[in-house]
Amino acid sequence: MSDEPVCGAFGYSTAPEVIMRCVGHLIVVGALPFRLGQTGAPWWCLPIFAVVAGVTMTLAEDLRFARAIFLRRDVRGYAQVRIAFIALLGTPPFAAGTGFVA
176 MSDEPVCGAF GYSTAPEVIM RCVGHLIVVG ALPFRLGQTG APWWCLPIFA
226 VVAGVTMTLA EDLRFARAIF LRRDVRGYAQ VRIAFIALLG TPPFAAGTGF
276 VA
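The sequence shown begins at 176 in our numbering and counts up one residue at a time.
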C-alpha cells in the first residue's frame, strides 16, 4: 500500500460510482451541516462534525486507511484536507440552518 497514491482515482471508473460519490459529498458538506444548524447546535459542534465526517469519509475510501491514518503522513494529510473542506464548506449551510430554527 505504501506505493499507492492517496489522492488518485480509487477505482471509481463508472459514471454511477462518480455520481454516488458526489452525492455523498454534497450530503456531508451541505445537508448534514444545515440540519445540524437547524437543531440549534452551538457553533463548536461544527468542527467536531467535520472531524468525524472527514475521518469517516477517508476510511470509506479504503478500509486499509484505518491503520495507515496513524502510520502514514500522506494519509493523515489527506484526512486533514477532507476535514478542512468539510469545516469550510459546511459553515454556510450550518449558518443557514441556524436561521431556520423552529
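C-beta atoms are modelled at their ideal positions from N, C-alpha and C, and glycine is treated no differently.
Only a predicted model underlies this, so the values are computations on that prediction, with no experimental measurement involved.
| query | Taking one C-beta from the stretch 246–253 and one from the stretch 199–211 each time, how about it: are there three or more such pairs within less than 8 Å? | reply | no
Q. For Ala271, which residues of its own chain have a beta-carbon under 7 Å away from its beta-carbon, when the five flanking residues on both sides are left out?
A. Phe209, Gly212
- Is the CB-CB distance between Arg257 and Gly229 below 8 Å? In contact: Arg257 and Gly229 (Cβ atoms closer than 8 Å).
- Indicate the three-state DSSP secondary structure (helix, strand or coil) for Gly183 in the structure shown. With a pLDDT of 46 at Gly183, under the threshold of 50, the predicted position of this residue should be treated as unreliable, and no value is reported.
Buried/exposed call for Phe269, threshold 16 Cβ in 10 Å: buried
Could you name the residues of the same chain whose beta carbon sits closer than 8 Å to that of Thr233, not counting the 5 residues immediately before and after it, in chain order? Hits under 8 Å: Phe240, Ile244, Val250, Tyr253, Ala254, Arg257.
_Just to confirm my understanding: we take Ile223, look at its own chain, exclude 5 residues before and 5 after, and list those with CB closer than 7 Å. What are they?_
none
For His200 and Pro217, what's the separation of their Cα atoms in angstroms? 23 Å
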